[in-house]
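Some notes on the structure that comes next.
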Amino acid sequence: MQTGLVGPDRLIDEPDQYRLFDLPIFERELREWLPSRIFDVHAHTWLAEHLRRPIAEDPVELLFNVESVTWEELTVAYRVLFPGVEVERLALPMPLRVVDIEANNAYLASRIDNERSFALLAPELDASPEELWHQIVSGRFVGFKPYLSQVRNKSLEEIRILDFVRPAQLEVADRAGLLIMLHVPRPSRLADCINRDDLVAIADSYPGARIVLAHAGRAYAPEILAPALDVLTDLPNVLWDLSNIQDHDVVRLLLERVPIDRIMWGSDIPVATVRGRLLMLNGQRVCLTRRPFPWSVSRVGPEPLACTFMGYETLRALRRACDELALSREQVSSLMYANARALVVGALDGLTAA
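Here's what the structure looks like:
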């Protein structure tokens, strides 16, 4: 492992734990199941110099403890997490209030090749369609990554989708078939009828836009997801990103109810490199972690919890659901590669045609 990723404040620490515990899990449970080529539809990269203030000062609680993930660190993280597997990526900025998103966008534009690496643009909330179109075309982005913490006149609990996914973004996305990677807000997530109403309105009004629900709409338990499926499965331009979904019942419910070509895997790096497990406890999100963090539950004492990477827990959940439903190798490959690849290539084609 390259030393640049090893240390208490970097992406992957405890090299002995990796060698003796994490890597055997990958070899035993994931290597033979994974396709030789995968596409990560959800990975964040930004530099420390892009931060106006420490990450922890953003109003949104985050499940990681690093102040940056460089392009090179992301590349190495793939080699560490998925040795011997070819990984293509859709890179996302870190679209927080504490981040200089203009600098972060420029950084992504300087690194992508639009062959094996692609990126989304973090939009300014008040940008016009003309300004956004210029940014998309000049930076060769395939869509937008808006985020709720950019909204300043409401509490996080009150923010709704249309507060940060603005008409200008939707007009541009609709025009060229671009992605909008959507972090569903509000405490009840997809169980909230306001969110469902907003999603239906967006999908119907902007049929060319591809609305990707990050973290399966933050439906970390089946009871959060189920109320939304009767409505959202009828929307062909609403897609589902499985990043950080660690409950196999959620994945299975999606695979049973949603056409498979609308579902795709993502890592959510840097969260994927945290050793821990995300679960829901009586409707509340809880993170168990090997290392203690302000936002997690951990063990007090000399013997830390035996946790592996959250990225592996996500893949464990996906594999279990696929196995229970007897999905074919071709279907698994669609989830892990072909669906995301087709999505971003379609967006590039749309830009060219527009």
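In this note's numbering, the protein residues as written are 695 to 1048.
Cβ coordinates follow ideal geometry from the N, Cα and C atoms, glycine included.
A quick note: this is a predicted structure, and the numbers were derived from the prediction, not measured.
Hey, residue i and residue j are a contact pair by Cβ (cut 8 Å); roughly how many whole angstroms apart?
| i | j | result |
| --- | --- | --- |
| L826 | P840 | L826 to P840, Cβ: 11 Å. No contact. |
| I706 | V774 | 6 Å |
| C1016 | L757 | That belief does not hold up - the Cβ atoms of C1016 and L757 are roughly 25 Å apart, past 8 Å. |
| L907 | V866 | In fact, because the Cβ distance is near 19 Å, the residues do not count as touching under 8 Å. |
| M958 | L1019 | The pair is not a contact, with the Cβ atoms about 17 Å apart (cut-off 8 Å). |
| V792 | L745 | 6 Å |
With distances taken Cα to Cα, identify the nearest neighbour of residue i among the options.
| i | options | result |
| --- | --- | --- |
| L884 | R979, R912, E997 | R912 |
| Y1006 | E708, P709, R722 | R722 |
| A771 | P964, I896, L1037, D794 | P964 |
| D898 | D857, D868, S990, S992 | D868 |
| L776 | R956, N808, L728 | Reading off the sequence shown, one finds Phe at residue 776, where the question assumed Leu. It is L728 whose Cα lies nearest to the Cα of F776. |
| C1001 | A966, V793, M788, V859 | A966 |
| G1040 | P881, L842, N808 | N808 |
| R642 | D962, L802, M1004 | Here the chain comprises residues numbered 695 to 1048, so residue 642 is not present and cannot be evaluated. |
| V894 | Q829, R846, T927, V754 | T927 |
| I830 | R746, V1026, F812 | F812 |
| R805 | Q844, P988, L786, L1029 | L786 |
| P753 | N847, N798, I896 | N847 |
| E708 | V1026, P996, G1044, R969 | R969 |
Please list, in chain order, all residues of the same chain as residue i whose beta carbon is under 8 Å from its beta carbon, the five residues on each side excluded.
| i | result |
| --- | --- |
| D941 | Y914, A915, P916, L973, M974, A1011 |
| L850 | P753, V754, L842, S843, P879 |
Grab me the residues of residue i's own chain with a C-beta within less than 7 Å of its C-beta, minus the 5 sequence neighbours each way, in chain order.
| i | result |
| --- | --- |
| I918 | R883, L884, A885 |
| S730 | V779, E780 |
| D892 | R854, I855, L856 |
| L993 | Inspection of the sequence shows that residue 993 is occupied by Arg rather than by Leu. Closer than 7 Å at the Cβ level, and outside the excluded window around R993, lie L999. |
| R1014 | H942 |
Using only the alpha-carbon positions, how far apart do residue i and residue j sit?
| i | j | result |
| --- | --- | --- |
| E743 | L784 | 22 Å |
| V700 | S1022 | The predicted position of V700 is uncertain, since its pLDDT is 43 and thus under 50; a value taken from the coordinates is nonetheless stated next. Near 37 Å, if we compare the C-alpha coordinates of S1022 and V700. |
| P861 | T764 | 31 Å |
| A750 | N759 | 8 Å |
| I905 | L1009 | 23 Å |
| P930 | G871 | 13 Å |
| P748 | L999 | 28 Å |
| I888 | I855 | 9 Å |
| F858 | L864 | 11 Å |
| V658 | S822 | One cannot answer for residue 658 here, as it falls past the ends of the chain, which runs 695 to 1048. |
| R713 | R956 | 35 Å |
| L815 | L768 | 18 Å |
| D962 | A1047 | 31 Å |
| Y900 | R890 | 15 Å |
| R995 | R810 | Going by the sequence as given, residue 995 is Gly instead of Arg. One C-alpha to the other measures close to 44 Å. |
| L819 | Q844 | 7 Å |
Near residue i, which residues of its chain fall below 6 Å by C-beta distance, leaving aside the five closest residues on each side in sequence?
| i | result |
| --- | --- |
| F733 | E782, Y1031, A1034, R1035 |
| G902 | D868, G871 |
| R985 | none |
| A800 | none |
*asked:* Using a Cβ distance threshold of 8 Å, determine whether the region 945-953 contacts the region 736-747, with at least three qualifying pairs required.
replied: no
*Should the region 918-933 be called in touch with the region 950-966, which here means at least 3 C-beta pairs below 8 Å?*
yes
*asked:* For the pair the region 821-835 and the region 874-882, tell me if three or more CB-CB distances fall below 8 Å.
replied: no
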